[in-house]
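I have placed the structure first, in the form of structure tokens, so that the comments after it can refer back to it.
Protein chains: 2
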Amino acid sequence: MEMIEQANAEALQRLLAGDPVLIDVRPAGEVLADLGDRTILHAGPPIEWSRMCGPMRGAISGIAVFEGWAKDLDDAARLAAEGAFGFQPNHDFDAVGPMTGMTTASQPVMVVENRTTGNRAYCTINEGLGKVMRFGGNDAEVLDRLRWLRDVLGPAMGEALRQSDGIPLKPLIGRGLTMGDEMHQRNVACSGLLLRALAPDLARVMTDSSALAQALAFIAGNDQFFLNVAMATGKAITDPVRNIEGSTIVTAMSRNGTDFGIRVSGTGDEWYTAPVEMPEGLYFPGFGAEDANPDMGDSTIVETVGLGGFAMAAAPAVAGFVGAGAASDAALFTRSMGEITIGENPEWTIPALDYQGVPTGIDIRLVVESGIAPTINTGIAHKEPGRGQVGAGVVKAPLDCFDAALKGIADRLGIA
Amino acid sequence: MEMIEQANAEALQRLLAGDPVLIDVRPAGEVLADLGDRTILHAGPPIEWSRMCGPMRGAISGIAVFEGWAKDLDDAARLAAEGAFGFQPNHDFDAVGPMTGMTTASQPVMVVENRTTGNRAYCTINEGLGKVMRFGGNDAEVLDRLRWLRDVLGPAMGEALRQSDGIPLKPLIGRGLTMGDEMHQRNVACSGLLLRALAPDLARVMTDSSALAQALAFIAGNDQFFLNVAMATGKAITDPVRNIEGSTIVTAMSRNGTDFGIRVSGTGDEWYTAPVEMPEGLYFPGFGAEDANPDMGDSTIVETVGLGGFAMAAAPAVAGFVGAGAASDAALFTRSMGEITIGENPEWTIPALDYQGVPTGIDIRLVVESGIAPTINTGIAHKEPGRGQVGAGVVKAPLDCFDAALKGIADRLGIA
Numbered sequence: 000m001e002m003i004e005q006a007n008a009e010a011l012q013r014l015l016a017g018d019p020v021l022i023d024v025r026p027a028g029e030v031l032a033d034l035g036d037r038t039i040l041h042a043g044p045p046i047e048w049s050r051m052c053g054p055m056r057g058a059i060s061g062i063a064v065f066e067g068w069a070k071d072l073d074d075a076a077r078l079a080a081e082g083a084f085g086f087q088p089n090h091d092f093d094a095v096g097p098m099t100g101m102t103t104a105s106q107p108v109m110v111v112e113n114r115t116t117g118n119r120a121y122c123t124i125n126e127g128l129g130k131v132m133r134f135g136g137n138d139a140e141v142l143d144r145l146r147w148l149r150d151v152l153g154p155a156m157g158e159a160l161r162q163s164d165g166i167p168l169k170p171l172i173g174r175g176l177t178m179g180d181e182m183h184q185r186n187v188a189c190s191g192l193l194l195r196a197l198a199p200d201l202a203r204v205m206t207d208s209s210a211l212a213q214a215l216a217f218i219a220g221n222d223q224f225f226l227n228v229a230m231a232t233g234k235a236i237t238d239p240v241r242n243i244e245g246s247t248i249v250t251a252m253s254r255n256g257t258d259f260g261i262r263v264s265g266t267g268d269e270w271y272t273a274p275v276e277m278p279e280g281l282y283f284p285g286f287g288a289e290d291a292n293p294d295m296g297d298s299t300i301v302e303t304v305g306l307g308g309f310a311m312a313a314a315p316a317v318a319g320f321v322g323a324g325a326a327s328d329a330a331l332f333t334r335s336m337g338e339i340t341i342g343e344n345p346e347w348t349i350p351a352l353d354y355q356g357v358p359t360g361i362d363i364r365l366v367v368e369s370g371i372a373p374t375i376n377t378g379i380a381h382k383e384p385g386r387g388q389v390g391a392g393v394v395k396a397p398l399d400c401f402d403a404a405l406k407g408i409a410d411r412l413g414i415a
Numbered sequence: 000m001e002m003i004e005q006a007n008a009e010a011l012q013r014l015l016a017g018d019p020v021l022i023d024v025r026p027a028g029e030v031l032a033d034l035g036d037r038t039i040l041h042a043g044p045p046i047e048w049s050r051m052c053g054p055m056r057g058a059i060s061g062i063a064v065f066e067g068w069a070k071d072l073d074d075a076a077r078l079a080a081e082g083a084f085g086f087q088p089n090h091d092f093d094a095v096g097p098m099t100g101m102t103t104a105s106q107p108v109m110v111v112e113n114r115t116t117g118n119r120a121y122c123t124i125n126e127g128l129g130k131v132m133r134f135g136g137n138d139a140e141v142l143d144r145l146r147w148l149r150d151v152l153g154p155a156m157g158e159a160l161r162q163s164d165g166i167p168l169k170p171l172i173g174r175g176l177t178m179g180d181e182m183h184q185r186n187v188a189c190s191g192l193l194l195r196a197l198a199p200d201l202a203r204v205m206t207d208s209s210a211l212a213q214a215l216a217f218i219a220g221n222d223q224f225f226l227n228v229a230m231a232t233g234k235a236i237t238d239p240v241r242n243i244e245g246s247t248i249v250t251a252m253s254r255n256g257t258d259f260g261i262r263v264s265g266t267g268d269e270w271y272t273a274p275v276e277m278p279e280g281l282y283f284p285g286f287g288a289e290d291a292n293p294d295m296g297d298s299t300i301v302e303t304v305g306l307g308g309f310a311m312a313a314a315p316a317v318a319g320f321v322g323a324g325a326a327s328d329a330a331l332f333t334r335s336m337g338e339i340t341i342g343e344n345p346e347w348t349i350p351a352l353d354y355q356g357v358p359t360g361i362d363i364r365l366v367v368e369s370g371i372a373p374t375i376n377t378g379i380a381h382k383e384p385g386r387g388q389v390g391a392g393v394v395k396a397p398l399d400c401f402d403a404a405l406k407g408i409a410d411r412l413g414i415a
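If you read the sequences in order, they're chains P and F. When you number the first sequence by numbering that gives the first Met the number 0, it's gap-free, plus one each residue, and the end is 415. When you number the second sequence by numbering that gives the first Met the number 0, it's gap-free, plus one each residue, and the end is 415.
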């Protein structure tokens, strides 16, 4: 239909016009509008405590202790089951969070402004690898790190960024694509580029040499530091694409460890969900598929803007890391994603494909017609609370979400 | 001949066993053995003033002023012509230098130790791009930068490195190869990885916030910062490969802007030279081939250990930068260099080639038999003194050097 084509052209134009800039770090309670007391934002579509998976429950217990809402993890779990906390999706607060995606009032969030449209998106600071809250970790080491992010690194990053003109992320990500990153399971290049951009200003605002050295070492030691920046970038770019009447372009894909949900431009904030799938991947020594939790996190927002599994060709080294086959086959994933997208991003290009742009603008009609599901590169959490990351892999978005969304938009447009 | 095969196997083993670690930065006069007064070390094989090219003369005039050996550039040129300075190759002092390759007593040099063999190699700190001394620049801005390197950055880097265990370079370069660097004309990834490794220790030793911020910004702002580290790495790895009786493996390739020279293991420190060629490449806006100086610098030491043009497949983005054709053709260069080398480096691998190691161990017999000359990725200097960099390109090592070296080794072995 002509009207759908026009709506999708507008959606693609907005996706490509996004101009994300990292401008600040602030406590979530200061910048997330209407974040209520004892409210815990989580990854994925809405979910109640009784249906939450192990790592999500573990993270919720941990963050409740961190916020001082419970005296210990058991107390937190009891309170959660009793309904003492409000649970809401990050996506409803202009925010995103990796894996369990915990966002609460006192946590610092990075602020990414889309300078084309003026909207802002938020994401917490990446904690590092292994036993961390986003993978369900919740012990003293995990909470101490969150306190240091809240008390030291977050405020310092905020002050450094406010003294700068902000860090433009579109060219930084473009450069990362020429350096082997796909911005989901491989962020080593962009993490380094971000540190380069941030370090001089951090040095100016952190006068305690020892604290500064610790801050630099923390960022330098975390190859996934940029992931959360990439996620806020994705959210800042996709939010203005919502609510274009008739558009069949995906504006969000997200998972809470139980359900996979997508949002489509023409149907606004409606979630279309299906049971989440298990990643297929590689496990850290001592772990296997029997330990794995199903797919989880808001991080699929990067695939929604053409990165992650869609940009696999830029990151041949990630193909091995996530168990997706030979490095030389990485281009096949990107080509396949070209089948379900309506454009390419001329500012995010892949040298090995002679500067072809990343496939952008997932059209649910193309997904349903082709039966090709979006490919997602993901981390794998242990299924039990408190354990942390056990591997990394590739997972498919469930096709049922796309079928349901297509029916939803057909209903709205009055098409049989 | 069996004896040559055995000698070359030993040479390859030493090339692959090298374990380079960046351990210190010191004034050249403190660490280069027997560096005489008023001695200027330069890139390439030996050359007298009368045969030096424009940028080499420009750099010599500049460095003489910097060292206080002349009152201005004209005075320096007059003194140089009169024989007031000693000119010697970097290579004879365990050192290497990019382009003009100026090394003098008061300049800080980075110290790379080969922990397998204990030898050390030295290279100055990279000055950045554009109008810099390595490209023949010599005005006040160039000399001021050298003073800052001498007085601020060099001592700080040295103190930071001495407080650390050193920075192991073999894994760092291995990682850079998965991030689009070939370590000659593209060092953005390794420069970032080095900054990540160095920044926390720099923060500990530089208590002046403003000076620290300037140091971090200088390193962060120079995508070629790592080039000089890669060069010292190459020198530290190749020096122990010298003087294996009967070996036809290249231990150095180098150019002074007039002559191209190679050294071969079985003939020790003998240079085999031929007139240097013109790079073919791309020029910065406002410049063209008529401005270009012929090929120059010790930086070809990186090709000697399998990086640079030999590792082009790792760096598809560099192919366009140096005008070597389509990004997707980058692998052809690496495959071609496989024809003239006797091994691959299992610790320096290329994801896009399914982790094939970089071609290592240039055998002059294979070069002469195949007629395939080593491919070198290089910067291009303006032919006049004081102008600086005008482009980047690809150049071939002249085959005459290899013919002459093969005769040399045949004579030494008493083969007709």
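A virtual CB, placed ideally from N, CA and C, is assigned to each residue, including glycine.
Within chain F, the C-beta atoms nearer than 8 Å to that of residue 191 of chain P come from 188, 191, 192, 194 and 195, in chain order. Taking CB atoms only, residue 402 of chain P has no neighbour in chain F less than 8 Å away.
DSSP places residue 7 of chain P in the helix class (H, G or I) of the three-state scheme.
Boundaries of the beta strand (DSSP E) around residue 347 of chain F: 340 to 349. Among the CB atoms of chain P, none fall inside 8 Å of the CB of residue 311 of chain F. Per DSSP, reduced to three states, the secondary structure at residue 89 of chain P is helical. Non-local beta-carbon contacts of residue 394 of chain P in its own chain, meaning distances under 6 Å to residues more than five positions away in sequence, involve 276, 278, 294, 375 and 377 in chain order. Beyond the five residues adjoining it in sequence on each side, residue 58 of chain F comes within less than 6 Å, by CB distance, of 99, 101, 132 and 135 in the same chain, given in chain order.
By the neighbour-count criterion, in which a residue is buried when 16 or more other Cβ atoms sit within 10 angstroms of its Cβ, residue 150 of chain P is exposed.
With 16 or more other Cβ atoms inside 10 Å of its own Cβ, residue 205 of chain F counts as buried. Contact residues of the stretch 164 to 180 of chain F toward chain P are 177, 178 and 179 (C-beta to C-beta distance below 7 Å).
Interface criterion met: the Cβ of residue 350 of chain F is under 8 Å from a Cβ in chain P. Residues of chain F with a Cβ closer than 7 Å to the Cβ of residue 216 of chain P are, in chain order, 199. One alpha carbon belongs to residue 380 of chain F, the other to residue 178 of chain P, and they sit about 27 Å apart. DSSP lists no bridge partner for residue 149 of chain F. When 7 Å is used as the limit between beta carbons, residue 315 of chain P is near these residues of chain F: 350 and 351, in chain order. Fewer than three Cβ pairs drawn from the stretch 25 to 38 of chain P and the stretch 50 to 57 of chain P lie within less than 8 Å of each other, which leaves the two stretches out of contact. Three or more pairs of CB atoms, one per stretch, sit closer than 8 Å, so the stretch 228 to 240 of chain F contacts the stretch 110 to 123 of chain F. Ranked by Cα distance from residue 175 of chain F, the first of F:366, F:312, F:369 and F:6 is F:312. When the alpha-carbon of residue 384 of chain F is set against those of F:36, F:72, F:317 and F:265, the nearest one is in F:72. A check of alpha carbon separations from residue 202 of chain P across F:219, F:259 and F:322 identifies F:219 as the nearest.
Taking CB atoms only, residue 219 of chain F has a neighbour in chain P less than 8 Å away. By the Cβ rule, the stretch 102 to 119 of chain F does not count as touching the stretch 350 to 367 of chain F, because fewer than three pairs are nearer than 8 Å. In the displayed model, residue 0 of chain P falls within coil according to three-state DSSP, outside both helix and strand. Of the candidates F:261, F:280 and F:412, F:261 places its Cα closest to the Cα of residue 45 of chain F. Listed along chain P are 202, 203 and 206, each with a C-beta nearer than 7 Å to that of residue 208 of chain F. If you ignore the 5 residues before and after residue 324 of chain P, its C-beta comes within less than 7 Å of the C-beta of 318, all in its own chain and listed in chain order. Straight-line spacing of the CA atoms in residue 3 of chain F and residue 406 of chain F works out to 14 Å. Two segments are said to touch when three or more pairs of C-beta atoms, one from each, lie closer than 8 Å; by this definition the stretch 58 to 68 of chain P does not touch the stretch 265 to 275 of chain P.
The beta-bridge partner set that DSSP reports for residue 356 of chain P consists of P:348. Listed along the chain, the chain P residues whose CB falls inside 9 Å of the CB of residue 327 of chain F are 350, 351, 352 and 353.
Following the DSSP letters along the chain, one finds residue 25 of chain P inside the beta strand (DSSP E) bounded by residues 19 to 26. When DSSP assignments are scanned along the stretch 185 to 211 of chain F, no uninterrupted stretch of beta strand (DSSP E) that is 3 or more residues long falls wholly within it. No Cβ of chain F is located within less than 8 Å of the beta carbon of residue 159 of chain P. For residue 12 of chain P, the secondary structure class from DSSP, reduced to helix, strand or coil, is helix. Cα atoms of residue 18 of chain P and residue 236 of chain P: separation of roughly 7 Å, rounded to the nearest angstrom.
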